[in-house]
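Written out below as structure tokens is the structure these notes cover.
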Ligand SMILES: [Zn+2]
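In the working numbering, the protein residues as written are 51 to 334.
Here it is in structure tokens:
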């Protein structure tokens, strides 16, 4: 199969049954640390092919994509640097291009088109999905979409959240976000509340609005390893890495990391010899 381009609003996009909102959720998810069953960056598939997200910003729009490679190999050096991983040949890719919303009339249809407020070159703008390019053999793409749908479907059950000891990340459209711990969720779910019922009760601490909240499952420190994705990161050097993983996130610092342009992997420089890691840890 060659490359195929689908224009949002003009073409019927079905990439192995993935909707534009599925594609959007997959490529726009910017994981802080492989923290969710719905994060697909630096993930090993069951056949050991390797998934990686890529981000490109241009003056005329932003590009977000997920690519699958035949293999991945650690080439030495620091294990948490992306450049220290060498990938094999590309098997498939799904690439979404978003362009800035220029005219106010364009806002009218935003409900039907994935859109995001993104800061590019110091300017925050709203971007909406413009087209999607799909490249790769259909059977390999459907292996991925099958996996995605199994995970997504399982997350509609409170039992999955209970078994996985997941916490719930709640993010408001105003930009504020918070987490509900797994213990609290266990209590709510054990009282018979559904995921939708919990979601509908959430009120934003910052703007006070209800119903503007998106929820997302995150692994907690008690999530069994067998329920987590296999990542490609080398864990032998990983004492440091493992320690990082168990440090509770400070949402303020994590947000600061993102605001400082952290790429989700490397530390960013804070000043005075101090660095801030992706999970909000300050170190020398
Ligand atoms: Zn809010």
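Don't be surprised by glycine CBs; every beta carbon is placed ideally from N, CA and C.
Small disclaimer: the values here were computed from a predicted structure and weren't measured.
Ligand 1 heavy atom lying under 7 Å from the CB of residue i
i	result
residue 220	no
residue 228	no
residue 259	yes
residue 272	no
residue 109	no
residue 262	yes
residue 117	no
residue 256	yes
Simplified DSSP assignment, three categories, for residue i
i	result
residue 387	An answer regarding residue 387 cannot be provided, because it is not within the stretch 51 to 334 covered by the chain.
residue 199	helix
residue 112	strand
residue 237	helix
residue 163	coil
residue 256	coil
residue 287	Low confidence applies to residue 287: its pLDDT is 43, below 50, so where it sits in the model is not reliable, and the reading given next is rough at best. In this structure, residue 287 counts as coil in the three-state DSSP scheme.
residue 247	helix
residue 295	Unreliable positioning characterises residue 295 in this predicted model, as indicated by a pLDDT of 40, which lies under 50. A coordinate reading is not provided.
residue 152	coil
residue 306	helix
residue 54	strand
residue 190	helix
residue 136	strand
residue 146	strand
residue 1	Residue coverage of the chain in this structure runs from 51 to 334, which leaves residue 1 outside it and unanswerable.
residue 123	strand
residue 313	coil
residue 204	helix
Check whether residue i and residue j have beta carbons under 8 Å apart
i	j	result
residue 267	residue 103	no
residue 78	residue 123	no
residue 117	residue 138	no
residue 247	residue 222	no
residue 395	residue 125	The displayed coordinates of the chain run from 51 to 334. Any statement about residue 395 would go beyond what the structure contains.
residue 216	residue 273	yes
residue 233	residue 218	no
residue 86	residue 198	no
residue 179	residue 74	yes
residue 148	residue 55	no
residue 176	residue 192	no
residue 303	residue 330	yes
residue 185	residue 53	yes
residue 195	residue 107	no
residue 263	residue 249	yes
residue 284	residue 129	yes
Residue environment, residue i, which counts as buried when at least 16 other CB atoms sit within 10 Å
i	result
residue 205	buried
residue 332	exposed
residue 131	exposed
residue 254	buried
residue 133	exposed
residue 135	buried
residue 286	Any reading at residue 286 needs caution, since the residue's pLDDT is 47, under 50, leaving its predicted position unreliable; the model's value is listed next. It is exposed - the Cβ of residue 286 has fewer than 16 other Cβ atoms within 10 Å.
residue 327	buried
residue 200	exposed
Check: residue i C-beta below 7 Å from any heavy atom of ligand 2
i	result
residue 107	This structure does not include ligand 2; its bound ligands are ligand 1.
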